[in-house]
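Our numbering puts the sequence shown at residues 48 to 762.
For each residue, glycine too, the CB sits at the ideal point set by N, CA and C.
Since we're looking at a predicted model, the values are computed, not measured.
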Amino acid sequence: MAKNAIQKIAMNAAENIPYDKLMLSQKNVRRIKDGVSIEQLAEDIGRRKLIQSLNVRPMLDGEGEETGTFEVPAGGRRYLALGILIKQKRLAKNEPIPCIVNRGQETSAEEDSLAENLRRADLHPLDQFRAFKTLSDQGLDPDEIGARFFVSPAIVRQRLRLASVSPKLLEFYENDEIRLEQIMAFSISDDHARQEQVWERISSSHTQEPYYIRRLLTETTVRADDRRAVYVGAEAYEAAGGVILRDLFEQDSGGWFQDAALLEQLVFDRLKVDAEAIRAEGWKWVEAAISFPYGHASGMRRIYAEAQELSAEEIERYDALKAEYDKLDADYAKAEDADEAIEAKLDQLGAELDAIDDRPQSYDPAQKDIAGVFVTLAANGELQVDAGFVRSEDEPRTETGDVEEGEEGGAEGQTRSSGDDGEGVVVNGEPVGDGSGDDGEDDCIKPLPDRLVFDLTAQRTLALRNALAGDVDIAIVAALHAFVLQVFYRFAPDTCLEISLKSGSFSQVDGLAETSWAKEIAERHEAWDRDLPDEAEGLWDFLLGLDEASRKALFAHCVSLTLNAVVEPWNRRAKALEHADLLGRSLQFDMVDAGWTPTVEFLGRLTKARILQAVREARGADSAQLIDHMKKDSMAREAARLLERSNWLPEPLRLEIDEVATDAGDAVAGDRSDEAAIDGDAAELPAFLADDADPSSDEPVTIDGDEADHLQAAE
């Protein structure tokens, strides 16, 4: 039996139909605007002409005959875009438009419209990246590419950066073995070998998150907001051949300086130049470093600059300006209406007074000859110059003259006494013989025996102790005198009180000098150092002249520097630490009130179990369960958010550890219910962390449409 012939498919004919013979069909299923706007599509058609035909159907009359007009059920956006070009006089009304004419009407107009939209496959993101790369290779810059495809130049740069990732990794992405977010993270570095090395490291591990990829790619780099990078500057670093890594998809605060060794060398080279310039001002020494440990100037004496003395003419001018300012200010205070002219005059007079008050300060050249300067980088990258430090070995020595007087007295005794043995003694400027008479005595007065001197001065000491105990004010001054000598005067143990004062520097703790507590102590110390007399000889009279409040403040400052509540594994000081707690309770001291908060850096130094315990103690078990599935970095970051305003402290910072619950129960939840109400839903995670709950999600990512918005937001 003969086989049935296969029915051949006949394509709908293509015709050029004048635009004024076309009309938009109401059967088009697209009702909501989405994607590229009609105006943008019109601009695109105006530049490259129509590249996709319209799908049309002939309009029929009552007898089923064609009327010569056609409706457009599929391609309505292109039809409207052509209408815009006609309104702009850029296209003729009767311009022939390429159309596919469906006369068979085997399917409905609605079905054709739906099929055109649903059967269209979006371009794979990788194809878009490569296409943008091809246009770039053809000579188009990001601005031109963006203008042609109605995206921002930043989006184009993102696509070009993604296309520059290692071809091996892009192949993995094409095969759905790597997610788009991971490719975005890899794009930070241009080093394909390093990208592939990192992928080899993480491909077999459970931690493949974008933040971890970025951290591995930048682990040997220096952030652009680091003090070293700010000090050198991106321009100088790049001029020296350095490369800055940039993240086009997330805020990177200026990126990462890739060559840390080059940056360090540039820092030291510039520090050397700056230090030499400061040394040329006449200082004995200048010591420069990126940073110094806390207490690096301990034991050094500080000198300070003094303002230049005002001349008689300057004093006269200052007094005149001040009188004019005060009179004008007093008159203006009585005025009912504001007067801009008077306000401007007051500002002018105030500026002139400030200029005189803020006259240049200078150091005594003689002091600069023995003093030096510490030059370092502040946290913001600015050069920080701390001048006026005198080392102990540079302190001027005051000769007592005892040896010289003894030698001179001995020589004079030899010349004035005949027959002596050359061992004369001088008392009150007169030589004393050896008393070798018949009865062992002569008319000369001998020094008192050492033992007798000891006995007498012991009696005086006890009498002084008794008297001092009866005068509290002088006792405080005496103790304060001993303290200040040790704190502010390196070589001046000129006190009869056997009081020892020790102050730990804790220089091994990184970042301690940047804390608010260290800065307040340093400012207070410098303020007292400026007020104290330059020489220790004048200290006693200075202390006696202080008012009671100032004396107590200075006493408290010196005593505070001796406090040591550090827990050291090699130094068991249980009683001392108990006393520190007792002292803290007496002061009503609390580290939360002092400003301590559990930062991400602190939590990152804990184990995951410790982090969860902290959240459990502060917010309860429910909050801890919200983050127990996270990687450590994400857990530390979210835990810091949960612990905000919770008053939680780690055990070493608590005064009474036994009173703090170690697990969350009903009491913990109850105590913090009100606080949680104030803070809002502290247990609710932000969206980007909530997504972390399903790290295995393989939801497809697209670039056109929604994905374009995603990448733009990521930038």
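key: Check whether Leu318 and Ala307 have beta carbons under 8 Å apart   = no
key: Nearest-angstrom Cα separation, counted from Gly93 out to Leu182   = 20 Å
key: Test item: CB-CB of Gln255 and Ile249 under 8 Å   = In this structure, Gln255 lies near Ile249, with their beta-carbon atoms less than 8 Å apart.
message = Just to confirm the assignment, what range does the alpha helix (DSSP H) spanning Ala201 have?
response = Pro200 to Ala210
query = Can you list, in chain order, the residues of its chain whose CB lies under 8 Å from that of Ala641, leaving out five sequence neighbours each side?
reply = Trp564
Close beta carbons around Val103, own chain, < 6 Å, minus the five adjacent residues each side = Phe117, Val119, Cys146 and Val148
ask   = Between Ser211 and Ser234, which are expected to be in contact by the criterion C-beta below 8 Å, what is the C-beta distance as a whole number of angstroms?
value = 7 Å
query = Going by alpha carbons, who is nearest to Met70 out of Gly111, Gln87, Gly122 and Gln99?
reply = The shortest Cα separation from Met70 among Gly111, Gln87, Gly122 and Gln99 belongs to Gly122.
query = Does the region 339–357 come close enough to the region 323–331 that 3 or more CB-CB pairs lie under 8 Å?
reply = no
key: Residue burial classification, Gly551 (beta-carbon count within 10 angstroms, cutoff 16)   = Gly551 counts as exposed, since fewer than 16 other C-beta atoms from the protein chains shown sit within 10 angstroms of its C-beta.
ask   = Can you tell me whether DSSP reads Gly631 as helix, strand or coil?
value = helix
message = Quick check: the Cα distance between Ala57 and Arg150, rounded to an integer number of angstroms?
response = The straight-line gap from Cα to Cα measures roughly 12 Å.
query = DSSP state of Phe176, grouped into three classes?
reply = helix
query = Is the CB-CB distance between Leu586 and Leu544 below 8 Å?
reply = no
key: Backbone CA spacing between Glu153 and Lys55 [nearest angstrom]   = 15 Å
task = Tell me, please, which residues DSSP counts as bridged to Met70.
result = Glu118
key: Euclidean distance between Cα positions of Gly457 and Pro494   = With a pLDDT of 36 at Gly457, under the threshold of 50, the predicted position of this residue should be treated as unreliable, though the coordinate-derived value follows. Between Gly457 and Pro494, the C-alpha separation is close to 16 Å.
task = Please go through the same chain and pick out, in chain order, the residues whose beta-carbon is closer than 7 Å to the beta-carbon of Ala716, but skip the five residues on each side of it.
result = Note that Ala716 scores 40 on pLDDT, short of 50, meaning its location in the model is unreliable; the coordinates nonetheless yield the value given after this. Contacts found: Gly667.
request  = Would you tell me roughly how many angstroms separate the C-alpha atoms of Glu221 and Glu228, rounded to the nearest one?
outcome  = Glu221 and Glu228: Cα-Cα distance of roughly 13 Å.
query = Mapping DSSP to helix, strand and coil, what is Phe636?
reply = coil
key: Straight-line gap, Glu691 to Ser160 (C-alpha atoms, nearest Å)   = 55 Å
inquiry  = If I follow the unbroken alpha helix (DSSP H) through Cys605, where does it start and stop?
reply    = Glu595 to Ser607
message = In the DSSP output, what is Leu763 paired with across the bridge?
response = Here the chain covers residues 48 to 762 and nothing more, so residue 763 does not appear.
request  = From the DSSP output, read off the bridge partner residues of Pro65.
outcome  = Per DSSP, Pro143.
query = DSSP state of Ser409, grouped into three classes?
reply = strand
Range of the contiguous alpha helix (DSSP H) that encloses Leu107 = Element bounds for Leu107: not the alpha helix (DSSP H) but the beta strand (DSSP E), Leu101 to Leu107.
key: Through-space distance from Val639 to Trp695, alpha-carbon basis   = 8 Å
message = For Glu334, report the span of its beta strand (DSSP E) as first-last.
response = Trp332 to Ala335
inquiry  = Could you compute how far the alpha carbon of Ala162 sits from the alpha carbon of Val76?
reply    = 10 Å
request  = Rounded to whole angstroms, what's the CA-CA distance from Glu113 to Glu218? Just pull it up for me.
outcome  = Rounded to whole angstroms, Glu113 to Glu218 spans 53 Å at the Cα level.
query = Hey, which unbroken runs of the alpha helix (DSSP H) at 4 residues or more fall wholly within the region 227–256?
reply = 227–233 and 239–249
request  = Reducing DSSP to helix, strand and coil, say where Ala60 ends up.
outcome  = In this structure, Ala60 counts as strand in the three-state DSSP scheme.
ask   = Would you say the region 128–146 touches the region 173–181, given that touching needs at least three Cβ pairs under 8 Å?
value = no
ask   = With a CB to CB cut of under 8 Å and the five nearest residues on each side skipped, what residues in its chain are close to Glu37?
value = Here the chain has residues from 48 to 762 only, and residue 37 is not among them.
message = Just list the residues that DSSP pairs Gly517 with in beta bridges.
response = In the DSSP output, where bridge partners are listed per residue, Gly517 has none listed.
task = In the DSSP assignment, find the unbroken alpha helix (DSSP H) run with His676 in it and report its ends.
result = Where His676 is concerned, there is no enclosing alpha helix (DSSP H), given that its DSSP letter is neither H nor E.
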